[in-house]
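Reviewing the structure listed below.
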Amino acid sequence: MRDLIFRAWDNVDNKMIYDIYPAPNGDIAGEHNDRFMLISPAERIIIEQYSGVKDQFGTLIFEGDIVKYDNGTKAEVMFKDGSFMAFNGFANNSFDAYLKISHKLYLDGQDFELSVIGNIHQNIDLININI
70 MRDLIFRAWD
80 NVDNKMIYDI
90 YPAPNGDIAG
100 EHNDRFMLIS
110 PAERIIIEQY
120 SGVKDQFGTL
130 IFEGDIVKYD
140 NGTKAEVMFK
150 DGSFMAFNGF
160 ANNSFDAYLK
170 ISHKLYLDGQ
180 DFELSVIGNI
190 HQNIDLININ
200 I
């Protein structure tokens, strides 16, 4: 069984909050502004879950991360149809646009390593996709 790990993007302070604990009502508890506190995410928080996969350097891959394969393909990580996928936005159809998340991508008999290069909140300029 994989670890359930969450992080949150704070739209007010424009920063990522790690080691958070989501509550059933949508609030989160976690370290924020150097204090442990309860935060209501209604307008300010976007909760993102760990995909269960690490990149080639051991970095945890979360929803909202931007990943790059060593063949140059860049994609946004999201949860879709019951699994974590990397959306590259440039495929001919929606099925091909989603790449199954794994630390390696296998295409046409070749394998490509994957690395996290940023996230959609702080680094949207790293990827040009239409969602």
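With the numbering used here applied, the sequence shown corresponds to residues 70 to 200, in that order.
Don't be surprised by glycine CBs; every beta carbon is placed ideally from N, CA and C.
Just so we're clear, the structure is a prediction, and the values are computed from it rather than from any experiment.
Would you tell me roughly how many angstroms separate the C-alpha atoms of Met-85 and Ala-77, rounded to the nearest one?
Taking the straight line from one Cα to the other gives about 6 Å.
Name the residue from Ile-189, Asp-194, Val-185 whose alpha carbon lies nearest to the alpha carbon of Gly-127.
Val-185
Flag this pair as yes or no: are the beta carbons of Ile-129 and Lys-137 separated by less than 8 Å?
Rather than Ile, the amino acid found at residue 129 in this sequence is Leu. For Leu-129 and Lys-137, no; Cβs fall outside 8 Å.
Here's a check: name, in chain order, each residue in its chain whose Cβ is nearer than 8 Å to the Cβ of Gly-133, leaving out the five neighbours to either side.
Trp-78, Ile-115, Glu-117, Glu-145, Val-146, Met-147, Asn-188, Ile-189, His-190
How far does the beta strand (DSSP E) with Asp-79 in it reach, from first residue to last?
Run containing Asp-79: 75-79, per the beta strand (DSSP E) assignment.
When we look at the beta-carbon of Ala-92 and count the other beta-carbons within 10 Å, is it buried (16 or more) or exposed?
Ala-92 should be labelled exposed.
Just to confirm the assignment, what range does the beta strand (DSSP E) spanning Ile-115 have?
Its beta strand (DSSP E) spans residues 114-123.
Give me the Cβ distance between Leu-207 and Lys-143, rounded to the nearest whole Å; I'm assuming they're in contact under 8 Å.
Since the first residue shown for the chain is 70 and the last is 200, residue 207 is missing from the structure and cannot be characterised.
Hey, quick one: how far does the beta strand (DSSP E) through Ala-92 stretch, first residue to last?
That residue, Ala-92, is in no beta strand (DSSP E); it is neither H nor E in DSSP.
Looking at the structure shown, is Asp-134 part of a helix, part of a strand, or coil, going by DSSP?
Note: Asp-134 maps to strand in three-state DSSP.
Mark Asn-162 as exposed unless 16 or more other C-beta atoms lie within 10 angstroms of its C-beta, in which case mark it buried.
With a pLDDT of 47 at Asn-162, under the threshold of 50, the modelled position of that residue is not reliable, and the figure given next carries that caveat. The residue is exposed, with fewer than 16 neighbouring Cβ atoms inside 10 Å.
Whole angstroms is fine: what's the gap from Asp-103's alpha carbon to Asn-80's?
One alpha carbon belongs to Asp-103, the other to Asn-80, and they sit about 17 Å apart.
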